[in-house]
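Please read the structure below before turning to the comments.
This is the structure we're talking about:
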């Protein structure tokens with residue numbers, strides 16, 4: 047045997063060993079590639095639940111009064127609708143609050159608005175309020191969208207109003223009265239150093255102070271609807287300004303039918319206008 051042939055044997059053995067190792071590792075690498083986990087998809091953003099009923103509080107984002115196409119509210123206007131469980135319809139335009147009624151089963155919806163005066167309202171806002179009621183009276187059905195909103199439809203299937211859910215908050219908590227409306231329509235403020243308070247408990251009990259005596263009673267609310275009473279006061283009556291302020295506050299509370307919360311403020315209204323305005327007590331705001 048030649049020296050050349052002998053010297054090549056170690057090289058051949060090394061090459062053979064390398065090939066065997068490569069072939070052995072190749073399937074493992076392929077398997078590892080096959081089972082390597084895919085990157086986890088980014089979590090999907092949550093979307094509002096699809097509405098199953100028109101009941102609740104809504105913000106009007108567009109309406110078609112005269113079948114000329116949807117138009118948005120005026121820049122300074124906020125248009126609200128509340129379909130209450132007892133068949134009442136309440137709403138608000140830049141000209142004030144209005145009332146009406148609604149009915150319907152399944153996808154049917156019929157609504158009407160009681161005649162409302164527009165004294166002191168500008169022409170553009172008056173036209174908008176009339177247009178909104180006209181669009182509502184043409185509605186015969188509703189359809190939900192994927193974002194939790196509603197389209198109110200007329201008999202031809204055309205959209206007459208577009209609504210999105212209105213987050214009305216929760217009136218429970220401790221509130222301080224900042225002003226209340228007198229019987230003559232003028233606003234009045236609590237007597238200095240005689241705070242007026244309302245504590246609306248989650249169980250429907252009402253406690254507070256008139257600035258003179260302890261106030262105790264009940265309240266009930268649903269969507270934008272609220273009833274305060276029956277209620278009573280405990281303690282000796284006050285005289286002068288404090289006594290008059292108490293009587294005026296109690297009268298205003300007895301007329302309340304709707305409520306609206308905006309951050310740390312709460313507005314209680316009668317059938318036509320706000321009658322008591324409050325802010326959340328500091329110890330309750332934290």
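In our numbering, the protein residues as written are 47 to 332.
In this text, a Cβ means the ideal position worked out from N, Cα and C, and glycines have one as well.
Source: prediction; values computed, not measured.
Going by DSSP in three states, residue i sits in which element: helix, strand or coil?
i	result
residue 160	coil
residue 191	coil
residue 153	coil
residue 287	helix
residue 349	As displayed, the chain neither begins before 47 nor continues past 332, which places residue 349 out of reach and without an answer.
residue 328	helix
residue 293	helix
In the DSSP assignment, what are the bridge partners of residue i?
i	result
residue 319	None; residue 319 has no bridge partner.
residue 207	109 and 198
residue 212	Paired residues: none, contrary to the question.
residue 143	138
residue 301	According to DSSP, which records beta bridges pairwise, residue 301 is partnered with nothing at all.
residue 314	305 and 322
In terms of residue numbering, what span does the alpha helix (DSSP H) encompassing residue i cover?
i	result
residue 181	169–183
Where do the ends of the beta strand (DSSP E) carrying residue i lie?
i	result
residue 304	304–308
Around the C-beta of residue i, are 16 or more other C-beta atoms found within 10 angstroms, so that it is buried, or is it exposed?
i	result
residue 98	exposed
residue 299	buried
residue 143	buried
residue 153	exposed
residue 266	exposed
residue 149	exposed
residue 109	buried
residue 188	buried
residue 202	exposed
residue 151	exposed
residue 174	buried
residue 114	exposed
residue 292	buried
residue 136	buried
residue 223	buried
residue 354	Only positions 47 to 332 of the chain appear in this structure, which leaves residue 354 out of reach.
List, from N- to C-terminal side, the beta strand (DSSP E) runs of 3 residues or more that fit wholly inside the stretch 86–139. 102–109, 126–129 and 134–139
Entirely enclosed beta strand (DSSP E) segments - the stretch 219–282, minimum 3 residues: 219–227, 243–246, 251–255, 260–268 and 271–280
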